[in-house]
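Numbering (the numbering used here), first residue to last: 1155 to 1410. Some notes on the structure that comes next.
The following block contains the structure:
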């Protein structure tokens, strides 16, 4: 992710935008999918960032919209992209990092058009809520569940925010494991050394894949016999387990 927002001082906004637009992207086919975090709605730079990214011949797959607080914020970005580059396939990712955004999650996801993901932003949200001290591994359960539920309700990817540090110690690994177990689709990282740990945690194991395939096969066999629920290795298997199994296989496919 290329960051035009918090990583860039106000006086350097236009220069940073020009750097991205003027970069030599000939080797981009060898890179992962590229996202650009633009400046937030209601700032002097948001619309210029969007126009530059949408119109430039650069391989950006998605735009991260920071401090998203309403459907109107998302709609503004969608309409601007549609207006300047109607054939663009840019996807929007809404970064939820204010109290108002957290309170308005249902509105934000109410009519997703280009919206593809919700991301939980810890640092700015902590400031918006008036949090004191550091809450890297606790104190966020309510916000996590809200973002996860809102994402699932609109068939969007739900992305956990980053560990607010660059280490890969035991605390970091616990947080990553918990994030994957909670049901998030991905987790942001701050430092490249953290990528391997996150990738491993969010990639289904061969045992999980085999179990998911067996679950779907068992349920398909039951449906062929006119049965809605079956047993697999002594456990009940029905459509609820099938939903989880399909998600496992979807993650495995994405990882490959």
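Here a beta-carbon is modelled for each residue, glycine too, at the ideal position from N, C-alpha and C. Computed from a predicted model, the values in this text were never measured in an experiment.
- When DSSP reads this structure, residue 1311 sits in a beta bridge with 1271.
- Annotated three-state conformation of residue 1216 is strand, per DSSP.
- Comparing alpha-carbon positions, the option among 1188, 1396, 1175 lying closest to residue 1205 turns out to be 1175.
- DSSP lists 1214 as the bridge partner or partners of residue 1188.
- Listed in chain order, the beta strand (DSSP E) runs fully inside the region 1304-1361 are 1311-1314, counting runs of at least 3 residues.
- Sequence-distant partners of residue 1267 (beyond 5 residues in either direction) whose C-beta falls short of 6 Å from its own C-beta, in its chain, are 1232.
- DSSP, reduced to helix, strand and coil, places residue 1261 within a helical segment of the structure shown.
- By the neighbour-count criterion, in which a residue is buried when 16 or more other Cβ atoms sit within 10 angstroms of its Cβ, residue 1186 is exposed.
- Between the alpha carbons of residue 1367 and residue 1334 lies a gap of roughly 20 Å.
- Rounded to whole angstroms, the gap between the alpha carbons of residue 1387 and residue 1202 is 58 Å.
- Excluding five sequence positions before and after residue 1369, the CB atoms of its chain that fall closer than 7 Å to its own CB belong to 1386, 1391, 1395, 1396, 1399, given in chain order.
- Residue pairing for residue 1389: DSSP places it in a beta bridge opposite 1386.
- Pairwise C-beta distances place the region 1209-1227 in contact with the region 1186-1197, as three or more of them are shorter than 8 Å.
- DSSP places residue 1249 inside the beta strand (DSSP E), whose first and last residues are 1245-1250.
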